[in-house]
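Protein chains in written order, with my numbering: chain A, 21 to 194; chain B, 21 to 194.
For glycine and all other residues, C-beta sits at the position ideal for the given N, C-alpha and C.
Bear in mind that the values here come from a model prediction, so they are computed numbers and not experimental data.
Beneath this line is the structure, given in structure tokens, with notes to follow.
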DNA sequence: GGGTCTTGGTTCAAGTTTGAAACAAACTTA
DNA sequence: TAAGTTTGTTTCAAACTTGAACCAAGACCC
């Protein structure tokens with residue numbers, strides 16, 4: 021079948037998206053590198069852990085929530101552990117499993133960096149958007165995400181990791 | 021001043037954006053790695069060159085158009101040159117300058133990969149969007165980009181590189 | 001119990017990106 | 001024209017990411 025090229029409108033939207041994404045990632049990384057000594061995705065790891073009741077999560081759950089590979093997460097967690105911001109724990113109920121658990125230091129770093137991070141996000145994004153545009157933003161990217169998650173390996177239906185297994189089944193030390 | 025945290029709506033939008041962006045970058049990189057043996061940004065370098073009349077551009081112009089650092093571009097161009105997909109040329113009118121020029125091989129690779137790339141972009145994005153959403157997407161990200169470009173080093177006004185200097189001032193060999 | 005398959009996670013080597021420092025040509029100014 | 005400054009680009013070392021290969025533990029099957 022002959023290629024369905026992008027229309028001029030689509031091209032403009034696509035280029036605008038790419039440009040903004042590049043600049044935004046850069047701005048977030050720079051800000052967090054300055055104020056927390058780590059790139060954005062590392063900060064997100066800490067933030068995600070802090071949102072669970074036990075402040076800990078299995079590696080695979082963490083990776084799937086953040087949409088990164090397990091390999092990438094392994095290295096990131098190793099670095100954060102070396103810095104004392106989180107700790108690894110074995111999983112008692114499934115001895116293959118590993119948990120990443122936020123330390124007090126990690127939580128402190130997170131709380132110190134959060135205001136600056138939020139301010140950056142707000143300044144670069146939400147200050148430019150009307151409430152309707154915020155809604156549009158969510159709808160657009162939720163749809164895209166759904167499409168991208170159905171594609172991957174899996175059955176395309178029950179593939180959402182947080183529906184598959186209890187993440188807290190291992191957090192017995194809390 | 022006390023932190024202006026994100027509202028629940030903003031949080032949802034932000035998370036949707038982050039998730040989609042991660043998955044999308046992955047999907048594009050994987051597709052282009054498969055079909056063209058290079059990551060998305062490398063493909064974009066070739067694509068950008070192909071859009072100029074002379075199929076060549078100065079390093080700084082290329083970097084600014086793609087929103088990447090000059091350092092990153094230097095390494096990427098070195099790799100692409102090693103692969104024979106582009107060639108470096110000196111700039112005659114300003115002997116500090118370097119040009120990257122698309123080779124015939126580079127153009128061939130680009131043309132072979134383009135349909136698959138466009139199809140991926142379409143399948144993952146535009147197939148999920150109404151025409152109104154395409155317009156919204158452009159407006160939202162154009163605004164964000166403008167904000168991010170005003171911030172950086174520069175006077176915040178005439179800082180658009182393509183208005184500063186003729187890029188073709190060096191392309192004398194065409 | 002002994003195969004086999006799957007799942008959770010790490011490791012390896014190669015490739016990519018980063019930010020700062022270095023370099024060189026052009027511009028400015030005295 | 002000899003500083004000193006700015007601009008265009010590369011280089012360096014360290015950090016990060018990738019995909020494939022690997023290992024170990026659970027699950028399944030007879």
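Please confirm whether residue i has its beta-carbon closer than 7 Å to some beta-carbon of chain B.
i	result
residue 71/A	no
residue 55/A	no
residue 58/A	no
residue 153/A	yes
residue 163/A	yes
residue 170/A	no
residue 29/A	yes
Would you kindly report the start and end of the unbroken beta strand (DSSP E) that includes residue i?
i	result
residue 118/B	118-122
Do residue i and residue j have their C-beta atoms within less than 7 Å of each other?
i	j	result
residue 59/A	residue 46/A	no
residue 120/A	residue 106/A	yes
residue 122/B	residue 70/B	yes
residue 78/A	residue 117/A	yes
residue 87/A	residue 43/B	yes
residue 161/B	residue 37/A	yes
residue 56/A	residue 134/A	no
residue 144/B	residue 167/A	yes
residue 96/B	residue 62/B	yes
residue 138/B	residue 25/A	yes
Does residue i get closer than 7 Å to chain A when you measure Cβ to Cβ?
i	result
residue 108/B	no
residue 83/B	no
residue 131/B	no
residue 11/B	The requested residue 11/B does not occur in the structure, where chain B is confined to residues 21 to 194.
residue 63/B	no
residue 120/B	no
residue 173/B	Annotation note: pLDDT 44 at residue 173/B (below 50); position unreliable, no value reported.
residue 36/B	yes
Could you name the residues of chain B that residue i contacts, counting a contact when the two beta carbons are closer than 8 Å?
i	result
residue 135/A	23
residue 167/A	143, 144, 147 and 148
In chain B, which residues lie less than 7 Å from residue i when you measure between Cβ atoms?
i	result
residue 88/A	42
residue 145/A	164
Along chain A, which residues have their Cβ under 7 Å away from the Cβ of residue i?
i	result
residue 97/B	Those do not exist, as residue 97/B stays about 17 Å from chain A at its closest Cβ, beyond 7 Å.
residue 32/B	158
residue 67/B	Ordered by position in chain A, no residue passes the 7 Å Cβ test against residue 67/B, which lies about 11 Å from the chain.
Which chain A residues sit within Cβ distance under 8 Å of residue i?
i	result
residue 39/B	87, 161 and 165
List the residues of chain B that residue i touches, going by C-beta distances under 9 Å, in chain order.
i	result
residue 26/A	138, 141, 142 and 146
> Which residue spans inside the region 51-119 of chain A form an unbroken alpha helix (DSSP H) run of at least 4?
Replying inline: 60-70, 79-86 and 90-102
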